[in-house]
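Some notes on the structure that comes next.
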Amino acid sequence: MSVEAITDTISMIDSPYHGRRGVLGTYLIRGEKSAVIDPGPAPLVPGVIEALEETGVTHLDYVLLTHIHLDHAAGSWKMLEAYPDATIHCHPRGAGHVIDPTRLLAAAREIYGDALKEFGEVRGVPAERVAQSTDGETLDLGGILLETIWTPGHSSHSQSYFEPSSGVVFVGDAAGHYPENKGVLVPGSPPPHNPAKAADSLLKLMSYEPKTIAYSHFGFYGDAMALLERFLVQTRLWDRVARDGVEAGLSLKDIFDLLVEEDPEARELAGIDEEGKRAVYFSLKSFVGYAKWLRKSL
Ligand SMILES: [Zn+2]
């Protein structure tokens, strides 16, 4: 576990996931009130709590969720157990699944199969401890503000948080994955994924002119606008390749081959190892799924 300061009041916690560092960045924001963004699945939570203790945080007011995918939010129940005054804050489309995760787990089982158990125990939380966000809402932590920005696309329940005095934006998965040991930006998109909404959300994030971008996967970087722009271009490219491929009746394998020809970052990631290749396939499948859905609905 490690804690890295971004500003005097914002830090990133890296709690290992089954021994692996650099998997999920959990962010701590401290005003008179304290908030944690994305505590991760249950196996990460003890490390997050340890980090809070180390930094002198004994009382937590908010568990803020950028979206309710298991790798970001599945351990929320454990945070609420440890911090009896904490409230979860999430998009209204996600709130029901946080309260009763049955359907979410069934959908995740379809995607992850047996690997689902790696996310650890998932429990529902009492409805009265879940606050539903509104778009543009400001949370006042006492001396520090956080604006909620709805950013659908990666999921329908994706939202980002913006801290206006420092210009740090916490994007969850709305601006792609940027694994620090690879330096390659790529979508990390399980189905259902909507690239058109994702692109709109990126433009919306850019309208705030953030200075620092804080990724969930992984780390924080000072060139927020350039990274958002780069991911916008990439999202549009993947969307076009997937749509053209579907239109031409190509197989996923053929569309993959076209994609890695056109996108140097996808090519680089797929070329690193099998895991990189799987990651490109995994997300491309969602772009293709969207293209097929779009074709059917036209
Ligand atoms: Zn996600």
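Residues 2 to 299 (this note's numbering) make up the sequence shown, in order. C-beta atoms are modelled at their ideal positions from N, C-alpha and C, and glycine is treated no differently.
Alpha carbon to alpha carbon, how far is residue j from residue i? Give it in angstroms, no decimals.
i    : j    : result
L259 : I89  : 42 Å
A108 : P40  : 21 Å
S134 : V234 : 29 Å
D101 : V24  : 26 Å
V187 : H218 : 10 Å
K183 : E119 : 23 Å
A74  : A243 : 29 Å
T213 : I145 : 16 Å
I11  : F221 : 11 Å
A83  : Y18  : 19 Å
H178 : Y216 : 7 Å
R31  : S298 : 46 Å
L29  : I256 : 40 Å
V4   : K286 : 35 Å
R296 : H155 : 20 Å
E276 : S161 : 27 Å
I38  : S77  : 10 Å
L147 : K254 : 43 Å
S166 : A176 : 21 Å
Determine the burial state of residue i: buried for a count of at least 16 other Cβ atoms within 10 Å of its Cβ, exposed for fewer.
i    : result
R279 : exposed
G48  : buried
P127 : exposed
T27  : buried
G223 : exposed
T139 : exposed
T103 : exposed
G114 : exposed
H92  : buried
P211 : buried
What residue range does the beta strand (DSSP E) around residue i cover?
i    : result
T103 : Not the beta strand (DSSP E): T103 falls in the alpha helix (DSSP H), residues 103 to 113.
I11  : 11 to 15
L66  : No beta strand (DSSP E) contains L66, which DSSP labels as neither H nor E.
E1   : Summary: the structure shown does not reach residue 1, with the chain confined to residues 2 through 299, and so no result is reported for it.
L147 : 146 to 151
S134 : Premise fails: S134 is in no beta strand (DSSP E) and is neither H nor E.
A6   : 3 to 6
E119 : From DSSP, E119 is part of no beta strand (DSSP E); its letter is neither H nor E.
L28  : Reading the sequence as shown, one finds Tyr at residue 28 and not Leu. Start and end: 26 to 31.
May I ask you to check if the CB of residue i is nearer than 6 Å to at least one heavy atom of ligand 1?
i    : result
D39  : no
H300 : The question about residue 300 has no answer here: the residues shown for the chain are numbered 2 through 299.
H301 : Only positions 2 to 299 of the chain appear in the structure, and residue 301 is not among them; the question remains open.
H60  : no
H98  : no
H178 : no
D115 : no
D174 : yes
H19  : no
H158 : no
H70  : yes
Mind checking which residues open and close the alpha helix (DSSP H) that includes residue i?
i    : result
F288 : 275 to 298
D250 : Note on residue identity: the sequence assigns Gly, not Asp, to residue 250. Premise fails: G250 is in no alpha helix (DSSP H) and is neither H nor E.
R94  : 93 to 100
G48  : 46 to 55
S77  : 77 to 83
Those runs of the beta strand (DSSP E) which lie wholly inside the region 199 to 229 and span at least 3 residues
213 to 216, 220 to 222
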